[in-house]
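Protein chains in written order, with my numbering: chain A, 1 to 382; chain B, 383 to 764. Don't be surprised by glycine CBs; every beta carbon is placed ideally from N, CA and C. Because the structure is a prediction, the values reported are computed rather than measured. Below is one structure, written out as C-alpha cells; comments come after it.
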C-alpha cells in the first residue's frame, strides 16, 4: 500500500510510519512540527529525547534498510496538500495531523481558535484534495472517545439506531464533547460524514481512547527511533504524569475524586487498529466509525496501579487529590461499545503491572529531563 | 433592552434593528458587509435597491425619530468584538452575522472554508467575549432547519429523549446537514452548547426555516428603509427566484422532482420570533433550541402557488423541472416539531396568495434590475 501519514512526526505518527514501512508499505510522512513548537512556546519538552524528523528517517534507513519519505508541510496550505496527494497517489491516508490537547484548547480564545482552525481546516482541505485528486483513497482519521462525553446511555460506535414516535432511523450518535479540542473533532466528524455522503469518499473515523506506552517493535530498535513521551499538563496524559510523579517523589495528582472513567489502549494496539482499518477499507460513500480502546478505567484506578507498581520497585509513591481544573462529570455511567476492531482482528494487549514498570524504568532513565513546573495544572476550564 | 444586532445590515438584520428600535429598545448594529461584497464578487445584486447602512440609519432617525448606532466591524476580529461588547453591555445579542448560503459554500474549497471559518470563528469569538465581559447577556443565535437534514424520524427542537438498552438521556438531536454552510451552523451549535454547559452562558438557538417576504411594518415606511431581495442562485431563495421568473417570463425552475420539503416562514414572523425569544431569555447555562418556521411545503407546492398567483395577475407563468444541482433526498419523511415559539406567543402569518401577489408587484416595480445570468444554477454539489 501507498500510505500517507499526516502528523507523522508525532507520538503515534512516527511509530505508525515505521510500522507500515517495516511491513513493506510505501510510506510518505508529513508534519509541520506543531507539537515541537507548542513545547517551545511553553518551555516544556518530551521526557524522551527525540531526534529531528530527518534524523529519524536516516536512522530508519540505516537500521531497517527502508525508505520513508518525509516532507515538512502544513496541511492547512491547500495548494501544497493537494499537489502532494496528487503526486503520491496514496491508497490510505492516516490522519494524525491535528492539535490533540484539551487543556491547550482551553487556555484562551487564541488557543481555542488555533485548535479548531488548524484541525477543521486541515481536514477540510484533505477532503477537498481527496475529492479532486484521490477519490478512491481511504481516509483513516483519528478522532477521540472524548467526542461522546459521558452520556447516561451506552455509547455505540458512531451511529445509533433510534426508534422515535413509531419510526426508526440510524443516525450519528449525539455528541457532548468536553473542550474546544474535542469539539474540533466533532466538527471534523460532521464534515467527513458529509463528504462521504455527497462525494462518495471512503473514511474510517477512529474514536480513540487515551493511549499509553512508549515502545513498539520499531521504536525499541534504536534510541534514534524513540517516540515522544509527554507528561506536562498541556500535552501529557494522566498515566504518563503519574509515572513521572512517582519516580521523582512527587505525589500522584488526581484531578477531583478520580472517579471519571475513560477508555485506554496500548500504543502497540493503536498500530494494530490503524493497520487493521487500513487493510480493510471502508466502502465508497461510507464513514465507518470504530471506538478504538481496549479497556475502561477510572482515573483513580490508574493512579492506584501506578502507585502500587512504583512502590513495588522501591519508590515512595502516594496519591493526592487536587481541585479538578476541568468541568466534567466525576460520577457518571460509562459503557462504550468497542467491538468493531475486535471483529476486524484486534488482539488487545491489556494494561499490566509489567507495562507500567517498563514505563517507570524509562522515566528513571530520563528523570534528569523532568521539569517540575510542567506538571501542575495551570489551565482552568472556567 | 440593550440589543446588539450582528449582521444588522442584512435581509433580516436591518428589519430586526428597526423593529426593536421602534419599540424603544437601544439598538447597536454591527456588520462587515459580507453579503454586499459577495454580490460584487459575483456581479449580482439585490433586486430591491438598498441604501448604504449609514443612510439607512440616517433615514430611520429622520422617519422614526430614533437612533440606531451602527459600526462596521468584522466579528472575526476578537479584540474589536470584545471591546464593543464590553462597552455597549448588551442584554441581548441577536446574531445574524454569518455567511448564510449553501451554494456559496459548495463552490470550491476556498468558499467552503471561508464560510466555515467566518461563521465558526465569529461565533467562537462571541462566546469568549460573552464569557469574559458579558456573562449574563442572552445570545439569540440564528441557526437553520437545514442542520437536521431529512432524517426518517420526527425532528424535535434541538434535543431528543433517547431510550437505549434500558437507560435514558436527553441528548442533542443528531444532525445530517446538507452543505458546508449547514455544517458551519452545526459546528456553531456544538460550540454554543459547550459554552453554556461549561461557562453558564445563556443562549437561544433558532433553527430557522426559509424566510420569505419583503416587508415589515418598518421597511414599508420609506424606500430608504427597504430590505434586500436576493433571487440569484447563490444568495436567493426558491420563492424569490420563482417570483422573479414569473414576472420576466422565464419558466419557474424546480430542482429535480420538487418533492423536497422544507419549513418556511414570513419575515414578519422572524421578527416576532426573535423578539419573543429576546424578551424571555434562556436560563443561565441553558442552550434553548426552537425550530423557527410556521409551515412546511414541498418546493413543487411553492412553485405551484407562485405560478397560480402570477397567472391570476396576467403573467404567463409555467413550471419547468431542471436537473437538481444539489445532493439531497427528494422523497423523504418530514415532520419537524415547532411548538416552542407558539408556546411563547407566536401568532403565525401563513403564506397566502395575497402575500405572493405583493411580492410579484414589488418584482414588477424593480424588474429592470433583474439579471438573467444570476438565476441559472451554476454551483454543483458533486
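Under 9 Å by beta carbon: chain A residues contacting residue i
| i | result |
| --- | --- |
| residue 498 of chain B | 120, 121, 124, 187, 191 |
| residue 738 of chain B | Per Cβ cutoff of 9 Å: no residues; residue 738 of chain B is ~32 Å from chain A at best. |
| residue 384 of chain B | None at all; the shortest Cβ gap to chain A is about 23 Å. |
Range covered by the beta strand (DSSP E) that runs through residue i
| i | result |
| --- | --- |
| residue 680 of chain B | 677–680 |
| residue 526 of chain B | 520–526 |
| residue 647 of chain B | 643–648 |
| residue 590 of chain B | 584–590 |
| residue 410 of chain B | 408–413 |
| residue 747 of chain B | That residue, residue 747 of chain B, is in no beta strand (DSSP E); its alpha helix (DSSP H) goes 735–747. |
| residue 110 of chain A | Residue 110 of chain A -> not in any beta strand (DSSP E); alpha helix (DSSP H) instead, spanning 109–133. |
| residue 2 of chain A | 2–6 |
| residue 164 of chain A | 159–164 |
Beta-carbon neighbours of residue i, restricted to chain A and to distances below 8 Å
| i | result |
| --- | --- |
| residue 494 of chain B | 124, 128 |
| residue 551 of chain B | 151, 152, 153 |
| residue 763 of chain B | 198 |
| residue 542 of chain B | 162, 164, 174 |
| residue 462 of chain B | Result: empty, since nearest Cβ-Cβ is about 13 Å, beyond 8 Å. |
Residues that residue i contacts on chain B, provided the C-beta gap is smaller than 8 Å
| i | result |
| --- | --- |
| residue 165 of chain A | 535, 536 |
| residue 333 of chain A | 549 |
Host alpha helix (DSSP H) of residue i (start-end)
| i | result |
| --- | --- |
| residue 181 of chain A | 180–199 |
| residue 555 of chain B | Unbroken run through residue 555 of chain B: none, as it is neither H nor E. |
| residue 394 of chain B | No alpha helix (DSSP H) contains residue 394 of chain B, which DSSP labels as neither H nor E. |
| residue 40 of chain A | 34–42 |
| residue 777 of chain B | Outside the shown range of chain B, which is 383 to 764, sits residue 777 of chain B, and nothing can be said about it. |
| residue 632 of chain B | No alpha helix (DSSP H) holds residue 632 of chain B; DSSP gives it neither H nor E. |
Under 9 Å by beta carbon: chain B residues contacting residue i
| i | result |
| --- | --- |
| residue 327 of chain A | 579, 580, 581 |
| residue 365 of chain A | Correct list: empty, because the minimum Cβ distance to chain B is about 39 Å. |
Neighbourhood of residue i by C-beta distance below 6 Å, restricted to the same chain and skipping five residues each side
| i | result |
| --- | --- |
| residue 663 of chain B | 520, 584 |
| residue 711 of chain B | 532 |
| residue 131 of chain A | 199 |
| residue 369 of chain A | 47 |
| residue 81 of chain A | 75, 125, 129 |
| residue 402 of chain B | 385, 409 |
Within-9 Å CB hit, residue i to chain C
| i | result |
| --- | --- |
| residue 561 of chain B | In the structure shown, chain C does not exist; the protein chains are A and B. |
Listed by chain order, chain A residues near residue i by CB distance under 7 Å
| i | result |
| --- | --- |
| residue 576 of chain B | 177, 183 |
| residue 670 of chain B | Here the premise fails: no neighbours, minimum Cβ distance about 17 Å. |
Own chain partners of residue i with C-beta closer than 7 Å, once the 5 adjacent residues on each side are dropped
| i | result |
| --- | --- |
| residue 723 of chain B | 655, 658, 672, 674 |
| residue 311 of chain A | 317 |
| residue 483 of chain B | 563, 616, 617 |
| residue 221 of chain A | 63 |
| residue 449 of chain B | 443 |
| residue 568 of chain B | 529, 557, 559 |
Amino acids of chain B, ordered along the chain, whose beta-carbon sits closer than 7 Å to that of residue i
| i | result |
| --- | --- |
| residue 202 of chain A | Near residue 202 of chain A there are no residues of chain B at all, since even the closest Cβ is about 16 Å away, more than 7 Å. |
Same chain, Cβ closer than 8 Å to residue i, neighbours up to 5 away in sequence not counted
| i | result |
| --- | --- |
| residue 212 of chain A | 237, 239, 240, 264, 265, 266, 267, 351, 355, 359 |
| residue 573 of chain B | 502, 505, 506, 509 |
| residue 766 of chain B | Within the shown structure, residues of chain B are numbered from 383 to 764, placing residue 766 of chain B beyond reach of any answer. |
Cβ-heavy atom distance, residue i to the ligand MN, below 8 Å
| i | result |
| --- | --- |
| residue 569 of chain B | For the ligand MN, the structure offers nothing, since it holds no ligand at all. |
Contact the region 482–491 of chain B vs the region 610–628 of chain B: 3+ CB pairs below 8 Å: By the Cβ criterion, the region 482–491 of chain B is in contact with the region 610–628 of chain B, since at least three pairs of Cβ atoms, one from each stretch, lie closer than 8 Å.
Ordered list of beta strand (DSSP E) runs contained in the region 661–721 of chain B, each at least 3 residues: 669–674, 677–680, 701–704
Cβ contact check for the region 533–547 of chain B and the region 627–639 of chain B: 3 or more pairs under 8 Å: no
Length-filtered (4 minimum) alpha helix (DSSP H) runs lying within the region 435–480 of chain B: 435–446, 460–470
Contact the region 191–206 of chain A vs the region 118–127 of chain A: 3+ CB pairs below 8 Å: yes
Touch test, the region 739–746 of chain B against the region 560–577 of chain B, Cβ-Cβ under 8 Å, three pairs minimum: no
Contact between the region 408–423 of chain B and the region 449–467 of chain B (3+ Cβ pairs under 8 Å): yes
Three or more C-beta pairs below 8 Å linking the region 43–51 of chain A and the region 213–229 of chain A: yes
Segment contact, 8 Å Cβ cut-off, at least three pairs: the region 323–337 of chain A with the region 146–162 of chain A: yes
The region 476–483 of chain B / the region 385–395 of chain B touching (three or more Cβ pairs under 8 Å): Cβ pair count under 8 Å is three or more, so yes.
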